[in-house]
Every structure is written in structure tokens, then in C-alpha cells.
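Everything below concerns the one structure shown next.
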Amino acid sequence: MTAFNKSTGDVRPTDKYWDDAKDGDVCITPSYVVTGARIDAYAELTGDFTPVHVDEEYANASHFGCRVAHGLFGLSIADGLKTQADYRFLPGMSLGWTWDFLLPIKINDVLHVKFTVSGLRVSRSKPQWGIVILPSELINQDGQVVQKGEHRLMIPRRPA
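Numbers in our numbering are just positions in the sequence shown, counted from 1, shifted up by 20.
Below is the structure:
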């Protein structure tokens, strides 16, 4: 089965029900280029104007030696990239994230996410839904894992 994406004109696989997932399935997302403008937009959106993110002179003198993205910018990008992957679930409910910031995200980094399906189980409180855990890594152009963690989701099950 495939679906047509109106915004890009691409044909891609249809979003998955919980029942379509298999423990151990792996997906690599499309990539995302970090720019100064995107970091500035994130600062504007969140109100976090910490100088290491938005002030070139300050950031160059910091221990990072350059401007870096906000930690939550990376998590936000990771979540957005998951929605662009060929391996996508039907819209469900996020149950939470556990997420670690390992390395700075710098301007011109090219990021992608690798996620794996694990922890599949039927919801005890809503049996028409299933729970999935997606261990995920946000990886830069050098193959370095800059952030990692897991996303817990509740996904619709295939109707009987």
C-alpha cells in the first residue's frame, strides 16, 4: 500500500497500525541541515536567547568555540524527522520521551535519526491501542550520535 504526499508529490508507504510493526524493525529518516537561521527561529519560538545559541561573538569565546543549537532543538528535530520517515505510524498519542544530550549540535551539521521498534504490547487500559517504544539516535554527518533516547507511543491497532 502507498499514499500520495500532497506537499512533496512523493508516493510513500501508508502509515502503519501498531499491528504492522515488528520488534527489531529499523528506520533511517531523511536528513536535516542545521542553519543559524533555524537556531534563531527556535530561539524566537521558545524565548530562549541564551548567548551560546544566538550571539556569535559570545559563542566563539565559549567552550564550544561556535554557536550551538539548543538541546531541545535537537529533540524537536528528531521528532519531526520521525514523521517524515518511510516507516511511520498512524497518528497516536505520545506517552513521553527519555532523551540525552551527548554532543553539541553545530551550524551546518546534517542530522538524521535512526530508530528501532521495541517493547510492543497491547495497552491494558485501551485494548484497541498498542504501545511501542522507539529507541532513537540523532546522528550527525560524521556518524556521531549527538543525542539519543527513546520515545514511547500509543498507536491505533488495526480494526477487527
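Positions of the beta carbon are idealized from the N, C-alpha and C atoms, including for glycine.
Predicted model, so just to flag it, every value in this text is computed and none were measured.
Under the three-state reduction of DSSP, Ile151 is assigned to strand. Residue pairing of His73 in beta bridges, as defined by DSSP: absent, with no partner found. Annotation for Phe109: Asp35, Lys36, Tyr37, Trp38, Ala41, Val152, Leu173, Ile175 place their beta carbon closer than 8 Å to its own, counting only its chain and skipping 5 residues before and after. Rounded to the nearest angstrom, the gap between the Cα atoms of Ile59 and Cys86 is 13 Å. Closest option to Asp43, judged by alpha-carbon separation, among Gln161, Gln104, Gly150: Gly150.
Annotation: Ser82 to Val88 spans about 10 Å, alpha carbon to alpha carbon. In the DSSP assignment, Ile59 falls outside any beta strand (DSSP E) and within the unbroken alpha helix (DSSP H) covering 56-66. Asp129 counts as buried, since no fewer than 16 other beta carbons sit within 10 angstroms of its beta carbon. Rounded to whole angstroms, the gap between the alpha carbons of Ser156 and Lys126 is 20 Å.
Taking a C-beta distance under 8 Å as the contact criterion, Ala105 and Thr70 do not qualify as a contact pair. In the DSSP assignment, Gln104 falls within the unbroken alpha helix (DSSP H) covering 91-104. In the three-state DSSP reduction, Asp120 falls in the strand class (E or B).
Within its own chain, the residues whose Cβ lies closer than 7 Å to the Cβ of Asp68, once the five positions on either side in sequence are excluded, are His90, listed in chain order. Per the coordinates, the alpha-carbon of Glu76 lies some 11 Å from the alpha-carbon of Phe84.
CA-to-CA, the gap between Ser143 and Gln161 works out to about 37 Å. Between the alpha carbons of Ser51 and Phe135 lies a distance of about 13 Å.
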